[in-house]
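For reference, the structure is listed below as structure tokens.
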Amino acid sequence: MKLSPRFATAAGVLAVGLVTAGTAAAVQASPALPSAPTGVEAANAVAAKSAETFVSSRPSVLQPSSDDAYVQKSVTASGSAKYIAYERTYKGLPVVGGDFVVVTDAAGATRFTSVAQTQSIGTLSTTAKISSADAEAAARKLLTSVNAVESTKLVVYTLDGAAKLAYETTLNGTGAEGASRLTVNVDATTGAVLSKRERVMHGTGTGWIVGNVTINTSLSGSTYSMKDPSYPTIACQNATGNATFTGTDDVWGNGDGTNRETGCVDALYAAQKELGMLSSWLGRNGFNGSGGGWPIRVGLNDQNAYYDGTQIQIGKNTAGKWISSLDVVGHEVGHGIDDTTPGGISSNGTQEFVGDVFGAATEAFAANPNDPADYQVGEEVNLVGSGPIRYMYNPSLAGDDNCYSSSTPSQEVHAAAGPGNHWFYLLAEGTNPTNGQPTSTTCNGSTGLVGIGIQKATKIFYNAMLMKTSSSSYLKYRTWTLTAAKNLYPGSCTEFNAVKNAWTAVNVPAQSGDPTCTGGTTPPPTTSNPPTSNPPTGNCSGQKLLNPGFESGTASWSGTTGSIGQWASQGQAAHGGTYSSWLDGYGSTHTEAIQQSVTIPAGCKATLTAYIHIDSAETTTTVAYDKLTITAGSTTLGTLSNLNKASGYVLRTYSLNALAGQTVVIKFSGSEDSSLQTSFVLDDLAVTLSN
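According to mature numbering (1 follows the signal peptide of the UniProt record, and there is no 0), the stretch in the sequence shown is residues -26 to -1, 1 to 665, in order.
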């Protein structure tokens, strides 16, 4: 039975604009600024001070509580925007999921706030009921073997909504996919595992042959080393012993792909091309943003490569040749960039497409004729004898989804990269490129999408990453990239509309936090197979509901919004993502409902779909005691009851064709009688238009 009262989760993920000040918050001071900063330093200092003032006013968007304190972590400039990242503590403990980013303009005015936390912590005991040893034991069970426990500490965990005291343990060892550096959060009251996050980001790459190239090395006395002279933490090493390759001359490798020094030529060349791309295109200083990076180690005895927060390991293909060329190194460094921008490694199925974006950008920037830009992953290395392992312009060629769905966040992380890769390709190149790149289809039938080029596409995506929080997802990346496009190109809607059209083309739906853009607009894409008669007054494609999977909490929904939340800990898992709407389930006379208004353009067909899970304590097979009624305006679309109970979600479909040309309220209303609970759980709804 459902717990009562319910823990309501507020939306509050994204907000725009200034918020009226309230009671002062505990804000830890930033490091002392130089006495007379100039240029970028001065502008960053203004932004940092402005953000500190904004945060001190305790705006409601931050979901503050009286025992919160906020730590300003970094100020990153990109164009005229300043991105100020914060972390949160509660009674001195780190808050996992308490991070946020304040975005200001060049004058220091707050323009946007990206917040991971969805509700205030309130009052929470910081006394654990289990020991740290018990928490470590629970975490160890998630690995095949453990080499070391790096750390265990008490934290406050908020990523599931209501705050919990937890132990956070980081382990180094071996898991089901090989090397592992795993961070596990364990409930400090119950001992249950709340979450796990793998720091070893596995990936693969292209061929090892880039031809005769020039690399920048270091000279000490009479000894040369494969270490970048401008970024000394970036070196190429032998994975056996972790020694940087050295020599008495500045000539490296022998052209044999099985030779580790040769592999390091490819690796250091790729790393330095990526450094150039980051500096030239994005204004980023080094891999980690502050002039540093990680050693690249060639010699992993695996058909793989990975980043783990401390290093990049390069493996080999089935022929024993090291796979350290442009997009494999670019991909793995991309994980490091993801790790060292606000929010850390992206989640909910987005992390691998992030890596692929940086792999593609590095390949394009290098412009090496032996490994040209082609938006493929693994096209030359033939890693396991099957050619490329991913195709950004058509992910289905490798068996991955081209289109986003509610199941994407729960897919294996490389498979989940498909919609994001497809989006990036459509943004950069469009549906019919004229530069020799392949054509690409869309998921909504739109055609004529025009790309803005890979440099602009990468810049927009990177600026979106500067707004990233620990609760990142495809849905939030849509809002962040739209906001980034608007910030970067304030005098034009061309880039903004390209971002928007590309997301819509891969079925990532509009979100309540999405900005809008007017002026200098570009025409929308056309749709294939238009109707030959009765043309619609609107666009008969796409999905019309806002926040259809509830991943933005209560945003865009009204009614019993306390029914929207994360219910997995109470036995009601979401169909996709982590949020759903749970109506009734009390076992007493009760009525709950959620609703949203939607407009169906004239001349369009429309279909309402919903994944609905019904469980019930009722045993009758003949009497409908508890009911869920689904309506559109005054039209009843369907009624479900305790007689429809089942073990999992069932997809329900209802026609809205008769309501074309109307604005109607889509409503789900549940009612229980006086005994024996029935729960109606809704997720991943959609109102889909068609011709």
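Yeah, the Cβ is synthetic: ideal placement off N, Cα and C, and Gly gets one too.
- Residue range of the alpha helix (DSSP H) that K430 falls in? Along the sequence shown, read from residue 1 onward, the residue named residue 430 stands at position 456. Counted as a single uninterrupted DSSP element, the alpha helix (DSSP H) harbouring K430 occupies residues 428 to 439.
- Item | Inter-residue CB distance, D73 and P316 (contact presumed, cutoff 8 angstroms) | Here residue 73 refers to the residue found at position 99 of the sequence shown. Here residue 316 refers to the residue found at position 342 of the sequence shown. Yes, D73 and P316 are in contact; Cβ-Cβ is about 7 angstroms, under 8 angstroms.
- Message: Extract the residue ranges of the alpha helix (DSSP H) inside the segment 81 to 163, only unbroken runs of 4 or more that lie entirely within it.
- Response: 106 to 114
- Task: Hey, could you find the ends of the beta strand (DSSP E) S590 is sitting in?
- Result: On the sequence shown, position 616 is the one that residue 590 refers to. Where S590 is concerned, the enclosing beta strand (DSSP E) starts and stops at 579 to 590.
- Message: Please list the terminal residues of the continuous beta strand (DSSP E) segment that includes N18.
- Response: Taking the first residue of the sequence shown as position 1, residue 18 is located at position 44. No beta strand (DSSP E) contains N18, which is instead part of the alpha helix (DSSP H) from 13 to 30.
- Query: Does the pairing of the segment 572 to 586 with the segment 627 to 641 give three or more beta-carbon distances under 8 angstroms?
  - Reply: yes
- Item | Through-space distance from T565 to S649, alpha-carbon basis | The residue labelled residue 649 in the question sits at position 675 within the sequence shown. The residue labelled residue 565 in the question sits at position 591 within the sequence shown. Rounded to whole angstroms, S649 to T565 spans 13 angstroms at the Cα level.
- Pick out whichever of A598, T581, W531, W556 has its Cα sitting closest to the Cα of Q570. One-based indexing of the sequence shown puts residue 570 at position 596. Closest option to Q570, Cα to Cα, is W531.
- Query: Whole beta strand (DSSP E) runs in the segment 534 to 559 with 3 or more residues, listed along the chain?
  - Reply: Fully enclosed beta strand (DSSP E) runs of 3 or longer: 554 to 558.
- Task: Please name the residue, chosen from A591, Y463, S445, G410, that lies closest to D600 on a Cα-to-Cα basis.
- Result: Taking the sequence shown and counting its residues from 1, the one referred to as residue 600 is at position 626. Per the Cα distances, A591.
- Query: What separation, rounded to the nearest whole angstrom, lies between the Cα atoms of M366 and Y399?
  - Reply: Along the sequence shown, one-based indexing puts residue 366 at 392. Along the sequence shown, one-based indexing puts residue 399 at 425. Their Cα atoms are separated by approximately 6 angstroms.
- Message: Checking 8 angstroms against the spacing of the C-beta atoms, do F642 and I568 come in under that value?
- Response: Reading the sequence shown from its first residue, position 668 is the one you call residue 642. Reading the sequence shown from its first residue, position 594 is the one you call residue 568. Contact: yes.
- Message: Whole angstroms are fine: how far does the CA of T528 sit from the CA of T506?
- Response: Counting from one through the sequence shown, the residue named residue 506 turns up at place 532. Counting from one through the sequence shown, the residue named residue 528 turns up at place 554. With a pLDDT of 33 at T506, under the threshold of 50, the predicted position of this residue should be treated as unreliable, and no value is reported.
- Query: So, T148 versus T118, is the Cβ gap smaller than 8 angstroms?
  - Reply: Numbered from its first residue, the sequence shown carries residue 148 at position 174. Numbered from its first residue, the sequence shown carries residue 118 at position 144. Result yes, Cβ atoms of T148 and T118 sit closer than 8 angstroms.
- Could you pull out every residue in the same chain whose Cβ sits closer than 6 angstroms to the Cβ of A59, ignoring the five residues on either side in sequence? Mapped onto the sequence shown, residue 59 falls at position 85. Excluding sequence neighbours, A59 sits near K47, S48, V75, P316.
- Secondary structure of Q411, DSSP reduced to three states: Position 437 of the sequence shown holds residue 411. In the structure shown, Q411 sits in coil (DSSP, three-state: anything other than H, G, I, E or B).
- Message: I'd like to know if the segment 406 to 425 and the segment 435 to 450 are in contact, where contact means that at least 3 CB-CB pairs between them fall below 8 angstroms.
- Response: no
- Message: Using the Cβ count rule (16 or more neighbours within 10 Å means buried), how would you classify V307?
- Response: What you label residue 307 is simply residue 333 of the sequence shown in a count that begins at 1. Label assigned to V307: buried.
- Since N146 and A122 are thought to touch, with beta carbons under 8 angstroms apart, how far apart are those beta carbons, to the nearest angstrom? Locating residue 146 in the sequence shown gives position 172, where the first residue counts as 1. Locating residue 122 in the sequence shown gives position 148, where the first residue counts as 1. Indeed, because the Cβ distance is near 5 angstroms, the residues count as touching under 8 angstroms.
- Query: Heavy atom of the ligand NAD less than 7 angstroms from the Cβ of A338, yes or no?
  - Reply: With respect to the ligand NAD, the structure offers nothing, as it holds no ligand at all.
- Task: List the whole-angstrom C-beta distance separating E403 from G425, where the pair is believed to meet the contact cut-off of C-beta under 8 angstroms.
- Result: Taking the sequence shown and counting its residues from 1, the one referred to as residue 403 is at position 429. Taking the sequence shown and counting its residues from 1, the one referred to as residue 425 is at position 451. 4 angstroms between Cβ atoms; contact.
- Message: Need the endpoints of the beta strand (DSSP E) that I286 sits in, please.
- Response: For the purposes of this step, residue 286 is taken as residue 312 along the sequence shown, with counting starting at 1. It spans 286 to 288 - the beta strand (DSSP E) in which I286 sits, taken as one unbroken run.
- Between the C-alpha atoms of T144 and G135, what's the straight-line distance to the nearest angstrom? Taking the sequence shown and counting its residues from 1, one reaches residue 144 at position 170. Taking the sequence shown and counting its residues from 1, one reaches residue 135 at position 161. Looking at the two C-alpha atoms, the distance is approximately 22 angstroms.
- Task: Please work out which residues of its chain come closer than 8 angstroms, Cβ to Cβ, to N376, disregarding the five sequence neighbours upstream and downstream, and give them in chain order.
- Result: On the sequence shown, residue 376 is found 402 positions in, with the first residue counted as 1. Excluding its 5 nearest sequence neighbours in each direction, N376 has C-beta neighbours in its own chain below 8 angstroms: N368, P369, S370, G392, P393, H396, T415, C417, V480, listed in chain order.
- Between the C-alpha atoms of N259 and A16, what's the straight-line distance to the nearest angstrom? Translated into the one-based positions of the sequence shown, residue 259 becomes position 285. Translated into the one-based positions of the sequence shown, residue 16 becomes position 42. Straight-line Cα distance between these residues: approximately 18 angstroms.
- Item | Counterpart residues of E337 in DSSP-defined beta bridges | The sequence position of residue 337 within the sequence shown is 363, counting from 1. BP columns for E337 are empty, so no partner.
- At what residues does the alpha helix (DSSP H) containing H564 begin and finish? Residue mapping note: residue 564 aligns to position 590 of the sequence shown, counting from 1. Residue range 564 to 574 is occupied by the beta strand (DSSP E) that includes H564, with no alpha helix (DSSP H) assigned at that position.
- Message: Which residues does DSSP list as the beta-bridge partners of L659?
- Response: By 1-based counting over the sequence shown, the position of residue 659 is 685. Answer by DSSP bridge pairing: none, since L659 is not bridged.
- Item | D42, enclosing beta strand (DSSP E) - first and last residue | One-based indexing of the sequence shown puts residue 42 at position 68. Element bounds for D42: 42 to 52.
- Short Cβ contact (8 angstroms threshold) for G304 with Y205: Locating residue 304 in the sequence shown gives position 330, where the first residue counts as 1. Locating residue 205 in the sequence shown gives position 231, where the first residue counts as 1. Contact flag unset, no.
- Would you list the one or two residues that DSSP bridges to L630? The sequence position of residue 630 within the sequence shown is 656, counting from 1. L630 is not bridged to any residue.
- Query: G71 by DSSP, collapsed to three states: which one?
  - Reply: Here residue 71 corresponds to residue number 97 of the sequence shown, with the count starting at 1. Coil at G71, not helix or strand.
- Item | Neighbourhood of I363 by C-beta, 7 angstroms cutoff - its chain only, sequence neighbours within 5 removed | Along the sequence shown, one-based indexing puts residue 363 at 389. Here the set comprises T178, V351, G352, L357, A372.
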